[in-house]
Each structure stands twice: as C-alpha cells, then as structure tokens.
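From first to last, the protein sequence lines are chains A and B. Going by this note's numbering, the first residue of the first sequence is number 15, and it counts up by one from there. Going by this note's numbering, the first residue of the second sequence is number 15, and it counts up by one from there. Scroll down for the structure; my scribbles are underneath it.
There are 2 protein chains.
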Amino acid sequence: MLNERKIMVLQAIVDDYIRSAEPVGSRTIARRYNLGVSPATIRNEMADLEEIGYIIQPHISAGRIPSDKGYRFYVDVLMEPSAIPENQRSEIQRRVAAYKHEIELLVQEISKLLSVLTNYVAVVLAPQINLCMIEQIQLLALDEYRILVILVLHPGLVQNRIIRMTNRYDPEALPRMSQQLTSRLQGVTYRDLKASLIKEIQGEYGDLGTALLDIIASELVDSKQEKAFLSGTISIFEQPEFRDLDRAKGLLGLLEQKESLSNLISTLSRYSGVQVTIGHENPVEEIHECSVVTSTYSVGNEVIGAIGVIGPTRMEYANVYSVVEMLANSLSDILTELIK
Amino acid sequence: MLNERKIMVLQAIVDDYIRSAEPVGSRTIARRYNLGVSPATIRNEMADLEEIGYIIQPHISAGRIPSDKGYRFYVDVLMEPSAIPENQRSEIQRRVAAYKHEIELLVQEISKLLSVLTNYVAVVLAPQINLCMIEQIQLLALDEYRILVILVLHPGLVQNRIIRMTNRYDPEALPRMSQQLTSRLQGVTYRDLKASLIKEIQGEYGDLGTALLDIIASELVDSKQEKAFLSGTISIFEQPEFRDLDRAKGLLGLLEQKESLSNLISTLSRYSGVQVTIGHENPVEEIHECSVVTSTYSVGNEVIGAIGVIGPTRMEYANVYSVVEMLANSLSDILTELIK
DNA sequence: GTTAGCACTCTAGGGTGACGAGTGCTAAAA
DNA sequence: TTTTAGCACTCGTCACCCTAGAGTGCTAAC
C-alpha cells in the first residue's frame, strides 16, 4: 500500500506543514525535498495518500495537509525523538534541583520548563495524594478548642488541617491517640482513609474520639481535587491556527477549568510512559484540533502523577516527545531521591 | 468650570461608552438621555469637556470617549457603588463558607466568584505569610534521618517542610526543642524567623541544633513567594478592546507572570480599603489600557492580603467596586472567625 | 511509469465607491 | 447671551470587484 516514495512524500508533507502551517503543494515538495521526481508524479502519489486518508485538501485549489491519521502514522512510524544536547540536559537538572525541597514549587518549575522548551501549553498534575500511603498521623493541640491534624504521606507529602472541637478536649490524650492511629493506619492509602478511620476509631477514645471522627471524616478527606499547574497559555497565540479568537476560546475555556483539565491529563496518561494523542482521538471536543503528549511520573515504582503538553495537531512531535520524556524522568528521579 | 449640564453630559458619555464600547456622539446623548437640549448644544459642551481633558475624540469624525481623567472624575465624584441584593449576598456567603477549612480552596473560590460576578479577570493574593506571627513550632521525627518541621502561624496558617540530617539525630530531644523554640519564638513574624532562629539556637542543643540551624535557616524561610490565584482570564476576550490579539497579548503576558502580577496587586492595594487605579495611573505598561480595582483583606486588624479585578478602563466601576468590597469583607470575616 | 502542458478553481489582498455617523462653524432664533 | 438649525466636510466601514498566484486534475506525449 505504502511504497517507499509515498512514505517520503508523506514525511515531506508532515515536516513542511509542521514548519510552515501552510498547505503543502506538489511543487514545493519537488523543489525543497529532492525526491528526484517531478511535481506531477508527486501529485499522483498525493492523490493516493489522500484516498487512504493520510492527507487532506482544505479546499480544491490548495496543497495538502496531514490528517489525524497521517499524523498518527508519522508519530508511530516515521518520527525519531530528537536528542536533547547534554549541556541543555544538565542545565535543566540544575534548575529543577533548586526546588527539590518544596514539592509545589518543583512541580511549578517543571511546568514552566515544559512550556518554555516546547513553546506549547504545559500542564503538570501535582502528585496524586489519593494514592499515597499514610506514614504517620499526628494530632497537635493548638489551644483549648483547636487541634492540628498532620498527615505524613509516603513520598514525603504532608497534609494538614486545623479542626475545631465544639467542647473542650483533653490535650493529654493526643500523643497517645496519634501513636495508636499511626500504628493502625500506616500503609492505608489516603483515599481509603475515611473508611479506615471510621472502623478504627469507632467507639474508642470516648467523646474526643467521636468528635474527631465526625470532623475528620467529613472534612479532612473530602473533595481533595488534584492540583494542575499550567504554563505557557499565551503560547497558544503564537500558533497560526489559533489566531482566530473563536477557535482559541474553546481551548482557553478548557484550560481555565482546572478540574476538566486534570481529568483529561490523567485519562490520557493512564498507561505509563509517554503517550501521544492526536486530534479527534482526544475525548474532549474542545481539543479535537489539538494533540496532547503526556507522560506519567513516579516515586519508586509507583505512578503518582502526570505531565502533559497541549498544542495544535501540527505539533513538533519529535521535540515535544523528548522533552516530555526527559522532564517526567527528572521529576520521578527527584521525588524518588527525596524519600530515600 | 464644570456646570451641572457638563457633568450630566460627561456622565452620559461614560455610562454609554461603558455599555456599548462605541464612541458616543452628540445625537445619541440627546436622544437617549433627555437633557432637554439639542445635539448642537451638547456638541458645544463636549468641545469644552474635551478641552479640559475629560473626553477624547479617537478620530475627527467620531464621537467622544472618556479619558483616564474623565474616568477618574467619574469614579471619584459621579459613581455610586451599586447595591448587591440581599439574596445574592447570602448565596455568596454560603458558597464561600463551604471552603472555610481549607484556606487555599477558599481563596480560589473567592477568586472564581470575583471573576464571575464582574466578568473581568480576578486576582486573589493568598494570605501573606511573611507578615504572620509564629504561634507554634513543632519538630516531628519521621525516621532516623528525616525531621518534619511544622510552623503554625497566627491566622491559622500552617507551613511545613521535611528536612534531612546528614547524621543520625536523637529523636528524644525533639519534643523539648519544640517546646523551647515555641516559647522563645512565639510572636516573631515569619519574615524575621531566620534571623531570630539564628540568634536563638546559636550554640545550644549541640550537634542537632547546629545541623538544624543550618538547614532550617537556609531552606525553610527562603524565597517564599506569595501565591496569586487567577480566574476569568478568558473573559478578557469578551471585551471588544481586546478582540485584537496583539493588544491582549501584553495583558496576557502579565497575567502569566505570577510574580509581577502579585507585585502589582500588592503595590496597588498598599492603602487599606478599596482602591481604583485607572489606565495610565498603573505602574506597569502592559495595563495602561486597563483599570484595576483592589482591596485588602485582614485577619482581625491586620492586613494580610489583597484581591483585585483587572478590566478595560471602560469598566463597570460601580458594580466592580461593590463586588470587590463585599468579597474582601467576606474573606476577612471568615479568616477572622477562624482564629477565634 | 513519468512528465509537460493546460484549463480550471480558489484564496488573499488591494482598490473603489457608497453610506452613515459625527463634527465644527455660522447665522438665525430665543 | 445662549441655544438651535443647517450645512459642508471628514472619516471609518462595508460590500464589491478585480487580479495575481498557487495548486489541482486530466490528458497526451515521452
């Protein structure tokens, strides 16, 4: 079906269109990529490629542009992830390492780098605490009515919340409770905490226990949405396809809805490793004109988050692929290092 | 200088221009706002208003639009903050109260509300921890090498960081240290913590103390930038003046630079209460075509943060003013309530 | 199987002219 | 002295037309 020359023509079309954002004509290909044949021959090949569905003619007297299917073939077969030069690589390591003690800043920095290095929109999902395991629980007396609950989660994440008792409580009881809760709940995931707590505390610790239970169960664990860090939103407007405001609006709207966005990214990155999702393959209508390159990152062997880049389907796949891969790895390395 | 009729004409021009974004002509004013005089008379008044600098003619055969100076007069003299209906007010209170236990979510919610209620870009600066006072310091043993440092700050904010010791330490020493540090450093502001810590720990606590000191001093307090929560960025594009991408880009760029943005907002809100800054009054060039309405919020009597709305100079000042005022107050109330 | 030539299609961009909104000025009216 | 009507003039907008240029598909020749 696809002889060597067709493949070369397809590659030429994809490369040229990614570069120029203009439909690619037969003459352009003949001139710029010396395939050793005339424009007429290339036209014939293009007609075939169009029939298979790899390229599209926006209107009758224009050149061709790749279809989603064409991009898919390009990504799966033709593309070679571009190597990132060693000096740039180490420069990045250096910048990232500077934030390693403050996970939120670290994640934000990764997001910035991701957008700067790709010139597209970058999304980084913060480590998903729901999947993390409890390492320690501490109850700290603040004053007569307020208690500070501290949860230390496995890869070095800390969650805390202040709760207020309606009645006075006995501060003396807190250390013992902390210890017991810790020893009983160690290893439970944050997501399962609520159920486990109810089972554990039920009927013990008297008044304090019951009150704590109520409050903790209802508040501590509720609706902990994943945080998404966004960078490079304006880079959208560098892309000719989004010079039209109405077309950009859909995407912008999606980007502003952090929840939909993090859902999207976590859906797309459900398999570990780098994933490319092209145009209409995307589950959300707003980005049917976009491609998304995602990757998961992990602590040790455990996947705990994802990063992604969103750009037009006419995306520099090779570069984006490499950058996403590298930054996801850096992030994993740093987080893994942290808990050693 | 400004007789009654001139003022009415100015008000008409501002009102109409805010509504329509189209230069306002003499005939329109005569027709829509019945001042009881003919267009020709209004033209004369307009010529005067233009001479004083309150209005501007974009080109010779167009109507007039208010100048920054005109808006300033409008805001200072003519505008009456619009009343917010009681049912809407309580609806908002309800929505906000739902997040009161998680300050970050609360602040985010305020930001959303701010943009929804005004249709402009909303910025909320998270409580500025630098100014908060230390309430309690706790050191918690995580394992043989890692210590969790918890700082409870005055209006119910909690900061924590995990530090790693190069040598083993004695976990038994931590509770006593916590207690001593707390009693000595209570009341010190977060900003001054570093200096105070050095003074306090110096030479005490042996190895552990020195090690802790090094690490805490260098890491805990460093570069704690204020967080800014942004909402309604896309609403920019609803405004006709930003339909031109190139003009919107400057603003968008600013919005993406969180640091500049929080600097801007905190500069503009340096006096407590609601502040309106119009067009070229703004210190940053990117928003010389914009106005900003800001307000501080406080815990008790202490100002600890600010919120703001950014829109075109052609902004619905009356409404924005009220909304900003109300939400800043709500936020203050809730935070103040929290620490009681 | 490849290529040159040709008629055809379509878009982008520039130019034109009518139209409408708005102005300033002058002279008359109040 | 203030207000108003009338008029000539200025621009910006929009619809329209036209052309240049790029690209195609088809056919016939190589």
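Even glycine gets a Cβ: it sits at the ideal position worked out from N, Cα and C. Since this is a predicted model, take the numbers as computed values, not measurements.
Residues in the same chain with beta-carbon distance under 7 Å from residue i, minus the five sequence neighbours each way, listed in chain order, please.
i, result
"B/SER237", "Annotation note: pLDDT 49 at B/SER237 (below 50); position unreliable, coordinate value reported separately. Closer than 7 Å at Cβ, skipping near neighbours: no residue."
"B/LYS126", "SER245"
"B/PRO185", "ALA155"
"A/TYR47", "ALA26"
"A/HIS294", "ASP82 and HIS302"
"A/THR281", "PRO297"
"B/ASP29", "none"
Beta carbon of residue i, beta carbon of residue j: below 7 Å?
i, j, result
"A/ILE148", "A/GLN200", "yes"
"A/VAL306", "A/ILE324", "yes"
"B/LEU162", "B/LEU156", "yes"
"B/ARG86", "B/ILE292", "yes"
"A/MET179", "A/LEU153", "no"
"A/TYR331", "A/MET93", "yes"
"A/PRO72", "A/TYR31", "no"
"A/LEU167", "A/ILE151", "no"
"B/VAL290", "B/VAL89", "yes"
"B/GLU300", "B/LEU268", "yes"
"B/GLU59", "A/ILE248", "no"
"A/LEU131", "A/ILE279", "no"
"B/ILE69", "B/GLY84", "yes"
"B/ARG175", "B/GLU158", "no"
Please list, in chain order, the chain A residues whose beta carbon lies closer than 8 Å to that of residue i.
i, result
"B/ASN174", "ILE164, VAL172 and ASN174"
"B/GLU116", "ARG175"
Taking C-beta pairs closer than 8 Å, name the residues in chain B that residue i reaches, listed in chain order.
i, result
"A/ILE248", "LYS263, LEU266, GLY267 and GLU270"
"A/LEU156", "GLU149, GLN150 and VAL166"
Hey, out of the options, whose CA is closest to residue i's CA?
i, options, result
"A/GLU123", "A/LEU162, A/ALA242 and A/THR281", "A/ALA242"
"B/VAL38", "B/GLY50, B/TYR159, B/ARG57 and B/ILE21", "B/ARG57"
"A/LEU16", "A/PRO53, A/ARG328, A/LYS126 and A/ILE66", "A/ILE66"
"A/ILE74", "A/GLU64, A/ASP258 and A/VAL89", "A/GLU64"
"B/TYR285", "B/GLU295, B/ASN277, B/LEU266 and B/SER309", "B/SER309"
"A/ASP82", "A/PRO254, A/TYR204, A/ARG328 and A/MET340", "A/ARG328"
"A/ASN296", "A/ASN277, A/GLU18 and A/ASN174", "A/ASN277"
"B/GLU105", "B/MET340, B/LEU268 and B/ARG160", "B/MET340"
"A/THR203", "A/GLY50, A/LEU145 and A/PRO189", "A/LEU145"
"A/VAL334", "A/ALA54, A/PRO95, A/ILE70 and A/ILE250", "A/PRO95"
"A/ILE164", "A/ASN181, A/GLU158, A/VAL138 and A/PRO189", "A/PRO189"
"B/ARG261", "A/ALA97, A/LEU131 and A/ARG257", "A/ARG257"
"A/SER40", "A/GLU18, A/ALA76, A/SER34 and A/ARG33", "A/ALA76"
"B/TYR134", "B/LEU24, B/PRO169, B/PHE251 and B/LYS20", "B/PHE251"
"B/ILE177", "A/HIS115, A/SER210, A/LEU120 and A/LEU128", "A/HIS115"
"B/GLU351", "A/LEU259, A/ARG160, A/GLU351 and A/ALA209", "A/ARG160"
"B/GLU240", "B/ALA209, B/LEU259 and B/LYS272", "B/LYS272"
"B/ARG19", "B/ALA44, B/GLU36 and B/SER34", "B/ALA44"
"A/VAL137", "A/GLU255, A/VAL51, A/LEU275 and A/ALA111", "A/LEU275"
Give me the chain A residues within the contact set of residue i, using Cβ-Cβ distance strictly less than 7 Å, ordered along the chain.
i, result
"B/PHE251", "LEU259 and LYS263"
What does residue i reach in chain A if we use C-beta pairs closer than 9 Å?
i, result
"B/LEU199", "Near B/LEU199 there are no residues of chain A at all, since even the closest Cβ is about 16 Å away, more than 9 Å."
Sorted by chain position, which residues of the same chain lie with C-beta nearer than 8 Å to residue i's C-beta, five sequence neighbours on each side aside?
i, result
"A/TYR311", "VAL317, ILE318, GLY319, ALA320, ILE321, ALA342, ASN343, LEU345, SER346 and LEU349"
"A/ILE353", "HIS168, PRO169, GLY170, VAL313 and GLY314"
"B/LEU119", "TYR113"
"A/ARG109", "GLU123 and LEU127"
Between residue i and the rest of its own chain, which residues show a CB-CB distance below 6 Å, the 5 nearest in sequence each way excluded?
i, result
"B/GLN253", "PRO326"
Which of the residues in the stretch 257 to 281 of chain B, read from start to end, lie with their CB under 7 Å from any CB of chain A?
-> ARG257, LEU259, LYS263, LEU266, GLY267 and GLU270
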